[in-house]
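Colleague:
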């Protein structure tokens, strides 16, 4: 944050013998990281306050020796002579200052790291073969990098509670905990749900939830992410798959308009977990549990696997060319004013653009998306549960707000004015169109991932892809264009949405020379001014800001104020305890 | 660029090939004579006769899972063998041991453990990588089946081949 101020004050800092400049307010551990010197740490997390309790980031620190004139004394090489502090200092809770010198690889530092590792490993169980963190465990990594190969500990290890259910989604193994307190600080500072704490001071210190409370806030699984060891585990992911098997695909969460950046962990076309990916413009390092676990439906029983057309009242599976031809035939029977398209705010920009082209070539006026709202919070979860409402605003260019035409469309369907209805990735039940009215429609073309009332009554069913099975772009609630990437292949004969729409567009006449989703994006960039000059690959992993929605507030999770507030709470508690 | 292979220069005796033919025939006649006199025995009548007794201890036959003295399957489904297996013959589905079980402390066990013996190349890496000393290559070498499915060794079959392994793995007792 500090380097965004117009003219930051720069300090000269020596790190491992080399002088660098850092802005005021940079923590020493971050300054080291910025010049490629890694200082091991457990308790320090850049988005949380620094309690300095793990002692893993100890370094040697010194300042220039001052002469009688209060000026730094210069050595033979013309550089200041450093007075080293005899005892090591922690680098995570200290800001850089003028003339500061740091040594991160001296014999003293190495001895400190070895000592800390030895203490941490004294009571740590040797259950790496069953521990879910194995493979991404800081204790494992630092044990190799900084620890000893042998244990000198002969006594019995301390026993602590195992398999503690902290909440509906988090399971705790206290024996593995190294008491770094990251999870406690996360709950205080980010989730604002102060339920975790340490009890039983001494060798038997254990992490636990406040009596009568559970770790059940919507951000609880972030504690699992930031836990440097395998103490906090996700009940959902626990024992399912070892992390080194997971293929990691960078994508975004599509459960609300925030569009948190994610990493989808898959193996052999099965999604095992979603974890947040750092993006300070969107989600900092966090994501909500609701979005994180919202991928189970991909393997639901009612997943649509084959394109189907209605013949003699029954849906029969056909191949794709036949389904597309049938859909086009049914649509072309009717004039533009007899057709309505209900699209979805869950579709990507590319799909929405193809939909708008389809509407244009059919002369359709009745076109809208279904708004989807739910309770939001002031952390990440947005009230707008459609991930791409802004994309629909830009590309479908409705004359009114998204969703305003829906009642009119529903009335037209009921009155029989609309004879052909296309429902793309949506259901019509809550629009007040009954199943009987749907069944009466001469043409009902439904594209979806799972079957619902609309697909059951459809004349043509087009099985499509979910968010993890396709590439494309979406615009989040704050106007940031972000990219989805394909993590798994669609099951059965389900097909990429944009391909279905492209084929349909070609079958009704139009949509030539679109051979990849990148081509579709290029067309959008030619027609929509906000997209000008962009390509799908230029969006990058962190997205591009293309819409000025409003003056964007800084990300709350990294708010200095919140951290200060939490520190104040801690200080007050300490004061109460000492009385 | 073409590489010219130098051929040995043969003298006239070697070029006639006769001395080599005679020498070869002499060996054949020696074997013929020994066979008539019953001195050589070159064929083992497999499968009536087997060479099991003379297999060395380090022989690498079919991989198998072992149980410990208490009857616990030693495997904890860490999936390292699945990871290391060069032909990807191993497939493990991990499961959680219920808290009421007497081995609940171990927490994890293989719900399914399949080794595709068509794929297995008997390299022994699974045995080498196992942190729990749960998988061993046994001396079974005659792995047969009528279908591909027959050739997949499931957990039951693997435990049957493996049997009980005695030895000290103190990891999961109370003193851990």
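Protein chains in written order, with this note's numbering: chain A, 1133 to 1711; chain B, 103 to 278. Just so you know, even glycine gets a beta-carbon here, dropped at the ideal spot from N, CA and C. Only a predicted model underlies this, so the values are computations on that prediction, with no experimental measurement involved.
#1: Can you give the beta carbon distance from residue 210/B to residue 198/B, rounded, assuming they're within the 8 Å contact cut?
#2: Among residues of its own chain, excluding the 5 on either side of residue 142/B, which ones have a beta-carbon nearer than 6 Å to its beta-carbon?
#3: Looking only at C-alpha atoms, which of 172/B, 193/B and 256/B sits nearest to residue 269/B?
#4: What are the start and end residues of the beta strand (DSSP E) that includes residue 210/B?
#5: Look up residue 1553/A in the DSSP assignment and say whether it is helix, strand or coil.
#6: Within its chain, find whatever has a CB closer than 7 Å to the CB of residue 1497/A; leave out the 5 residues flanking it on each side and keep chain order.
#7: Return the CA-CA distance between residue 1731/A and residue 1245/A, expressed in angstroms with no decimal places.
#8: For the alpha helix (DSSP H) containing residue 1276/A, name the first residue and the last one.
#9: Residues bridged to residue 235/B by DSSP?
#10: State buried or exposed for residue 1397/A, treating a residue as buried only when at least 16 other CB atoms are found within 10 Å of its CB.
#11: Where does residue 196/B sit, in a helix, a strand or coil, going by DSSP?
#12: Tell me whether residue 1389/A sits in a helix, a strand or coil according to DSSP, three-state version.
#13: Quick one: residues in its chain with C-beta nearer than 7 Å to the C-beta of residue 1567/A, no 5 flanking neighbours on either side, listed in chain order?
#14: What does the alpha-carbon distance come out to for the pair residue 120/B and residue 127/B?
#15: If you compare alpha carbons, which of 1647/A, 1635/A, 1604/A and 1624/A is closest to residue 1385/A?
#16: Taking the DSSP output, what are the residues bridged to residue 1216/A?
#17: Under a Cβ-count criterion, where at least 16 other Cβ atoms within 10 Å of its own Cβ denotes burial, should residue 1351/A be classed as buried or exposed?
#18: Work out the CA separation of residue 1311/A and residue 1186/A for me, nearest whole Å.
#19: Rounded to the nearest angstrom, what separates residue 1527/A and residue 1484/A at their Cα positions?
#20: Pull up the distance between the alpha-carbon of residue 1714/A and that of residue 1406/A, whole angstroms please.
#21: Who are the near neighbours of residue 1254/A in its chain, counting only those whose CB is closer than 8 Å to its CB and skipping five residues on each side?
#22: From the beta carbon of residue 147/B, is the nearest beta carbon of chain C less than 8 Å away?
#23: Got a sec, what are the start and stop residues for the beta strand (DSSP E) residue 1380/A sits in?
#24: So, with DSSP's three-state summary, where would you put residue 1402/A?
#25: Please state the DSSP three-state secondary structure of residue 1185/A.
#26: Using a beta-carbon distance below 8 Å, is residue 330/B in contact with chain A?
#27: Return the CA-CA distance between residue 1688/A and residue 1179/A, expressed in angstroms with no decimal places.
#28: Which runs of the alpha helix (DSSP H), 4 residues or longer, sit entirely within the segment 1253-1332 of chain A?
#29: For the segment 1306-1327 of chain A, enumerate the residues whose C-beta is nearer than 8 Å to any C-beta of chain B, in chain order.
#30: When DSSP labels each residue in this structure, what does residue 254/B get in the three-state scheme?
#31: Taking DSSP's pairing of strands, which residues face residue 1579/A in a bridge?
#32: Compare the C-beta of residue 158/B against all C-beta atoms of chain A and say whether one is closer than 8 Å.
#33: Which term fits residue 1628/A, buried or exposed, when burial requires 16 or more other beta carbons within 10 angstroms of its beta carbon?
#34: Hey, quick one: how far does the alpha helix (DSSP H) through residue 1151/A stretch, first residue to last?
#35: Assuming residue 1448/A is part of the beta strand (DSSP E), what are its boundary residues?
#36: Taking all protein chains shown into account, do 16 or more other C-beta atoms lie within 10 angstroms of the C-beta of residue 138/B, making it buried, or fewer, making it exposed?
Modeller: So, from the listed chains and residues:
#1: 6 Å
#2: 136
#3: 172/B
#4: 210-218
#5: strand
#6: 1468 and 1469
#7: Because residue 1731/A is not part of the residues shown, which for chain A are 1133 to 1711, the question remains open.
#8: 1270-1278
#9: None; residue 235/B has no bridge partner.
#10: buried
#11: strand
#12: coil
#13: 1585 and 1589
#14: 11 Å
#15: 1604/A
#16: 1194/A
#17: buried
#18: 8 Å
#19: 7 Å
#20: There is simply no residue 1714/A to check, as chain A begins at 1133 and stops at 1711 in what is shown.
#21: 1283, 1285 and 1289
#22: Annotation note: the requested chain C is absent from the structure, which comprises protein chains A and B.
#23: 1379-1384
#24: strand
#25: coil
#26: Nothing about residue 330/B can be read from this structure; chain B reaches only from 103 to 278.
#27: Note that residue 1688/A scores 42 on pLDDT, short of 50, meaning its location in the model is unreliable and no value can be drawn from it.
#28: 1270-1278 and 1314-1321
#29: none
#30: strand
#31: 1556/A and 1594/A
#32: no
#33: buried
#34: Segment 1150-1155 is the beta strand (DSSP E) holding residue 1151/A; no alpha helix (DSSP H) there.
#35: 1446-1449
#36: exposed
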